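Colleague: This is the structure I want to talk about, given as structure tokens.
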Amino acid sequence: MTITVHHLENSRSQRILWLLEELGLDYAVRRYERDKSTMLAPPELKQVHPLGKSPVIVDEDAERPRTLIETGAIVEYLVARAGGELGAPSHVEEALRYRQFLHYAEGSMMPPLLAILVIDRLGMLGKPARKPMLSMFAQHLEWLEGEIAGRPWFAGESFTAADVMMSFPLEAARQRAGLDDRYPHLLAWLEKIHARPAWQRALDRGGDYAFA
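Okay, so the sequence shown: first residue is 60 according to our numbering, each after it adds one.
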């Protein structure tokens, strides 16, 4: 095994396990539990990378071992390592959508989702901000519902790494940010990805995952 995934429970790193299963690349998992009081990553992760965040992968099948952070960068690295499998489609418009959603997942969706998480943890102090934040986030869900209503996958006709990237924010939105029966196409998409054999195998490798 040449790729080690430093995997934090209930985190973005579940996508990396899933992508590795989809690509058929050999890997090992080192699993970390969150601190039960703070829900933060344990200090042991800082021994792998100074930021102490997950996902982190270490690829020893190179001229020298490579340590990589950032989900999108890791996804692009693994796609390239697999010869472009699950990468940008050949069709120009689908390739543009692929790149758009690959970066949109973290760049546009995750910041408000993190804000909603913080607001929820503030209890009554955060209550005044919750409704306007959810209203703002609903604009994302409405747009995405229209996008996925017109094609089977986010880039187009084929499943790609862009779908892998979109999984975590939509799973988080289902849990805490208003993704419900008003968005049937997004819910159907989540059911479809959760039924994929590679997703199931990644769940077995990674352990309990609250967003499943």
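Idealized CB from N, CA, C, for every residue including glycine. Note that the structure is predicted; figures quoted are calculated from it, not measured.
Taking the DSSP output, what are the residues bridged to H66?
Modeller: In the DSSP output, where bridge partners are listed per residue, H66 has R90.
Colleague: So, helix, strand or coil for D263, using DSSP?
Modeller: Residue state, collapsed to three classes: helix.
Colleague: For the beta strand (DSSP E) containing T126, list its first residue and its last residue.
Modeller: Its beta strand (DSSP E) spans residues 125-128.
Colleague: Below 8 Å CB to CB, which residues in the same chain sit around L84 once its five sequence neighbours on both sides are set aside?
Modeller: Excluding positions up to five away in sequence, the list reads I62, L137, R140, A141.
Colleague: For D222, report the span of its alpha helix (DSSP H) as first-last.
Modeller: From DSSP, the alpha helix (DSSP H) with D222 extends over 220-235.
Colleague: Less than 8 Å between the beta carbons of L145 and A220, yes or no?
Modeller: Yes, Cβ-Cβ distance for L145 and A220 is below 8 Å.
Colleague: Counting Cβ pairs closer than 8 Å, one from the stretch 170-188 and one from the stretch 118-131, do we hit at least three?
Modeller: Result no; under three Cβ-Cβ pairs closer than 8 Å.
Colleague: Do you know how far the Cα of P109 is from the Cα of G209?
Modeller: Whole-angstrom Cα-Cα distance: 43 Å.
Colleague: Under 8 Å by Cβ, that's how I've got Q73 and G265 pegged, so tell me the actual separation to the nearest angstrom.
Modeller: About 6 Å; that satisfies the 8 Å criterion.
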